[in-house]
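2 protein chains.
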Amino acid sequence: MNSSIPTGFFTQSHENLKERIYTRIRQDLQRIEAEIDRNLSSSVPFISIVGRHIMGSGGKRLRPLLMILSARLCGYQGNHDAALAIVFEFLHASSLLHDDVVDNAEFRRNQPAANTLWGNPGVVLVGDFLYSKSILMTVGYNDIRILQALSEATTKMAEGEVLQLIHADNLEIDEQEYLEVITRKTAVLISAACQIGAIFGGGKPDQERALGAYGFNLGIAFQLIDDTLDYTGDVNELGKPVGNDIQQGKATLPLIYALRNGNAAEKKKLKELFSADQIPSERFHEIRERVTRSGGIAYARELASSYVQSAKEALRIFPLHPTKEILLDLADYVICRRT
Amino acid sequence: MNSSIPTGFFTQSHENLKERIYTRIRQDLQRIEAEIDRNLSSSVPFISIVGRHIMGSGGKRLRPLLMILSARLCGYQGNHDAALAIVFEFLHASSLLHDDVVDNAEFRRNQPAANTLWGNPGVVLVGDFLYSKSILMTVGYNDIRILQALSEATTKMAEGEVLQLIHADNLEIDEQEYLEVITRKTAVLISAACQIGAIFGGGKPDQERALGAYGFNLGIAFQLIDDTLDYTGDVNELGKPVGNDIQQGKATLPLIYALRNGNAAEKKKLKELFSADQIPSERFHEIRERVTRSGGIAYARELASSYVQSAKEALRIFPLHPTKEILLDLADYVICRRT
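First to last, the protein sequences are chains A and B. Sequential numbering from 767 applies to the first sequence in the working numbering. Sequential numbering from 767 applies to the second sequence in the working numbering.
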């Protein structure tokens, strides 16, 4: 898979795969939505308003869905899964709210970012509430192993957010450091959703490990693709300006690759282009052009494919099962998704 | 106790009581410091630096101390208490960091506020880390009742922070709404520290309830006095500008009382004085003068005394015990403290 394949190919396979996955998860998504809605009520109406804004606007519900599917793959058949599953959406939303404050973001998912509507103080504090609430909801499940996995994940995530901030504007970050950042900021929570699904579903230790590994590899691939979409995506589909990371001077793998593999003149030029505080759009187009030509986007996509492969292999201990099929399809979808 | 008693009286009793308490808790404070230090290390050095700044600069360690004393009063004699006790200092520090961002604070405890040194993004994220870490540390104690009490408290706290933000600049807030805010922002965590101390120490249900009530009442009194110190305190002792709340237009009980009890002209004048975005120091002196004359500070202190009384009464189910004496002294100290 490289950047010269016509995009029409991806569009079609993307739409087919999306539809095939969607018909099998529709009911789960509905249960997730209902549960989110039910738990967003608060005696403080402002919390519900900001919460509904960040959680009601087109999220993929990937994390709660993975938790539900992981539990089911381990044999769970009840309907108490949704209330635990949404913990992962609450944690994700809390982290998005704080990210928007940290990045001073203007848009998210085709909507004004929460901080532009309600200011940083309110957004920081509602983020804190969603986080606390998610721990409280988890405690209700009365399982210390779940709490252990969850709090290990959130602590690593928080460290990862700080790491990412420290590396902001750092064009010297190498591939390994970048992978450490995306592991913590994305893979760790997705992995925890799958692992905790396995624990909740009564999975054996090897099933718990396998689903944790599936989620970890899927999470890395998901973030790698997210970072390429910042170069290649469509603003209307993405719901945020393409080139957001680039304009903030964030170095992700496509650029890291271009800097590593370009000759001295090319490196110098790219660093110059990145050096401004605000990168104007003509400069963004030139950066995108140079990074694409370097093969950086294709490289990141190939690396994502190899992580998807590892995610799928992690599931080989499970026999054929409709839920396993969905998880395998979801892994493929991560690569060909356009939003 | 009213505002016409010479301050020298308080100074002396304050110093004596402080010394008497301190000699009996010195070793516990040392254990708390050592444990905080040990747990502030992180693979991300920036986290340790900001963490040490917010936790190393003159905090009273009231919350961890109350947890340790509560456990001891219920019969605990080991030394695994300190590592659980510091959870309450981590949570408190996390909340202080986010408060400083929310309030755009310039100073805390005679030091530049963290946000002025490292910027809002880093401070928000280190706050998130300290919070996650405190949950992780608690999970290590493997007791779901402790986690239940703790996560209920932090969720109420987070709601309280939002409530306080909504009421910022609201001069119409009444005493009941104000008490609701300080319950959530201060009393709930102090109460949880005492209650969890009781659970950890193997206390019976009525002991757990009694210590929770002690902490709750102590917490309300503590915040009431904090709010009067914004009017009466000494800038060098407090470590932050006197009149901080006033200058931010925050209405606390002394002002609420003055507005409630003043005649129409006095109310109008006070609201005018409060109406500016930035309140200059001559205006601050006039507000302080008017609020003091209204009896608002004496009223808040009297209310604090009645909460301290309730705190002490809550301990009556415990027989005489050196630890009980310390808790009773701490309750008295809350009233006469000057910082």
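We put the CB at the ideal spot given by N, CA and C, even for glycine.
Applying the 10 Å Cβ sphere with the 16-neighbour rule, what's the burial state of residue i?
i, result
"B/Thr1115", "Any property of residue 1115 of chain B remains undetermined from this structure, which presents chain B solely from 767 to 1105."
"A/Arg911", "exposed"
"B/Thr952", "buried"
"B/His864", "buried"
"A/Asp972", "exposed"
"A/Tyr788", "exposed"
"B/Ser1072", "exposed"
"B/Leu883", "exposed"
"A/Val1088", "What sits at residue 1088 of chain A in the sequence shown is Pro, not Val. Exposed: under 16 other Cβ atoms inside 10 Å."
"A/Asn805", "buried"
"A/Asp940", "exposed"
"A/Ile1083", "exposed"
"B/Asn1010", "buried"
"A/Arg792", "exposed"
"A/Gly844", "exposed"
"B/Met821", "buried"
"A/Lys899", "buried"
"A/Pro772", "Its pLDDT being 40, under 50, A/Pro772 is placed unreliably in this model, and the value from its coordinates should be taken loosely. By the 10 Å Cβ count, A/Pro772 comes out exposed."
"B/Pro878", "exposed"
"A/His858", "buried"
"B/Gly967", "buried"
"A/Pro1046", "exposed"
"A/Gln1013", "buried"
Check the Cβ of residue i against every Cβ in chain A and list those closer than 9 angstroms, keeping chain order.
i, result
"B/Gly888", "Val868, Val928, Leu931, Ile932"
Is there at least one Cβ from chain B nearer than 9 angstroms to residue i's Cβ?
i, result
"A/Met767", "With a pLDDT of 38 at A/Met767, under the threshold of 50, the predicted position of this residue should be treated as unreliable, though the coordinate-derived value follows. Chain B contact via Cβ: absent."
"A/Phe982", "no"
Counting only beta-carbon atoms, is residue i nearer than 9 angstroms to chain A?
i, result
"B/Asp894", "yes"
"B/Glu918", "yes"
"B/Ile1063", "no"
"B/Phe776", "Note that B/Phe776 scores a pLDDT of 47, beneath 50, so its modelled location is shaky; the value from the coordinates is reported in the next line. No, no contact with chain A."
At 8 angstroms on the CB atoms, spell out the chain A contacts of residue i, in chain order.
i, result
"B/His864", "Val890, Leu891, Asp894"
"B/Asn908", "Ile910"
How would you list, in chain order, the residues of chain A whose beta-carbon sits under 7 angstroms from the beta-carbon of residue i?
i, result
"B/Ala1129", "Nothing about residue 1129 of chain B can be read from this structure; chain B reaches only from 767 to 1105."
"B/Gln914", "Val905"
"B/Leu902", "Ser917, Glu918, Thr921"
Taking Cβ-Cβ distances shorter than 7 angstroms, what residues in chain B pair up with residue i?
i, result
"A/Phe812", "Val928, Ile932"
"A/Ser808", "Glu925"
Please indicate yes or no: does the CB of residue i lie closer than 8 angstroms to some heavy atom of the ligand HEM?
i, result
"B/Leu1069", "Looking at this structure, you won't find the ligand HEM or any other ligand, since it has none at all."
**Completely contained alpha helix (DSSP H) runs for the stretch 833-908 of chain B, where each covers 4 or more residues** = 847-869, 880-905
**Request:** Note down, one range per segment and in chain order, each alpha helix (DSSP H) of at least 4 residues found wholly within the stretch 802-829 of chain A.
**Result:** 811-821
**Request:** At 3 residues or longer, and completely inside the stretch 965-1005 of chain B: list those beta strand (DSSP E) runs for me, N to C.
**Result:** none
**Request:** Write down every uninterrupted run of the alpha helix (DSSP H) in the stretch 1041-1092 of chain B whose length is 4 residues or greater and which is fully enclosed by it, in chain order.
**Result:** 1047-1060, 1062-1080
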